[in-house]
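**Student:** Below is the structure I would like to discuss, written out as structure tokens.
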Amino acid sequence: MNNYAVRSQQTELIDQADIPFKDWSVCLKELNIINTWLGGHAITIKGVKNLFDRQDISIAEIGCGGGDNLKAINKWATKNGYIFSFTGIDINKACIDFAEKNCKEIKRSKFIVSDYRIAEFDDNIP
Numbered sequence: 349m350n351n352y353a354v355r356s357q358q359t360e361l362i363d364q365a366d367i368p369f370k371d372w373s374v375c376l377k378e379l380n381i382i383n384t385w386l387g388g389h390a391i392t393i394k395g396v397k398n399l400f401d402r403q404d405i406s407i408a409e410i411g412c413g414g415g416d417n418l419k420a421i422n423k424w425a426t427k428n429g430y431i432f433s434f435t436g437i438d439i440n441k442a443c444i445d446f447a448e449k450n451c452k453e454i455k456r457s458k459f460i461v462s463d464y465r466i467a468e469f470d471d472n473i474p
């Protein structure tokens, strides 16, 4: 029986490099539904609210997938009068391609295909 109290270190199917874009699209849409309905986005936004005390913030998400977390944060920030800049980093090009389409309404955003350990930012600002 699985012990769900301890995070598994097994490689997941989602970690494979050869997943077709259409399969990624389905997966990323489903992850957004899960994060929306089970509170993942709400927890992320609560954490963001507690991390800053000024209006102009830059946020980088490592392993951004389809960009749904950044999109949720942007929706909250816009509603509350904040101006955020977003950088999404993912090693998988299919995820970044999806995120760029998914987040096209976010004016101050960029997406980078890179290993987060070597990602480069303009002026060291995400």
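Just so we're aligned, residue 349 is where the sequence shown starts under the working numbering, counting upward by one.
A virtual CB, placed ideally from N, CA and C, is assigned to each residue, including glycine.
All values reported here derive from a predicted model rather than from experimental measurement.
Could you pull the DSSP bridge partners for D404 from this structure?
**Tutor:** Answer is I431, bridged to D404.
**Student:** What is the residue span of the alpha helix (DSSP H) that S462 lies within?
**Tutor:** It is not in any alpha helix (DSSP H) - S462 carries neither H nor E in the DSSP assignment.
**Student:** In three-state terms, what does DSSP make of S373?
**Tutor:** Three-state result, S373: helix.
**Student:** Among the candidates Y352, F400, I381, whose CA atom is the shortest distance from the CA of D416?
**Tutor:** Comparing Cα-Cα distances from D416 to each of Y352, F400, I381, the minimum goes to I381.
**Student:** Within a Cβ cutoff of 6 Å, which residues of the same chain sit near L376, ignoring the five residues on either side of it in sequence?
**Tutor:** If we look at L376 and ignore the five residues flanking it on each side, its Cβ neighbours are G413, G414, F446.
**Student:** For S356, write down the residues that DSSP places opposite it in a beta bridge.
**Tutor:** According to DSSP, S356 bridges with nothing at all.
**Student:** In or out: F434 buried (at least 16 other Cβ within 10 Å) or exposed?
**Tutor:** Per the 10 Å Cβ criterion, buried.
**Student:** Could you check whether I410 and Y464 sit closer than 7 Å to each other, using their CB atoms as the reference points?
**Tutor:** Cβ atoms of Y464 and I410: closer than 7 Å.
**Student:** Less than 8 Å between the CB atoms is what I'm expecting for F459 and G436, so what's the real figure, rounded?
**Tutor:** That belief holds up - the Cβ atoms of F459 and G436 are roughly 4 Å apart, short of 8 Å.
**Student:** Kindly identify the DSSP beta-bridge partner or partners of D438.
**Tutor:** Note: D438 sits in a beta bridge opposite V461.
**Student:** Would the beta-carbon of A467 fall within 7 Å of that of W372?
**Tutor:** For A467 and W372, no; Cβs fall outside 7 Å.
**Student:** Let's test the definition: count the other Cβ atoms within 10 Å of the Cβ of S356 and tell me whether it reaches 16, buried, or not, exposed.
**Tutor:** Flag for S356 reads exposed.
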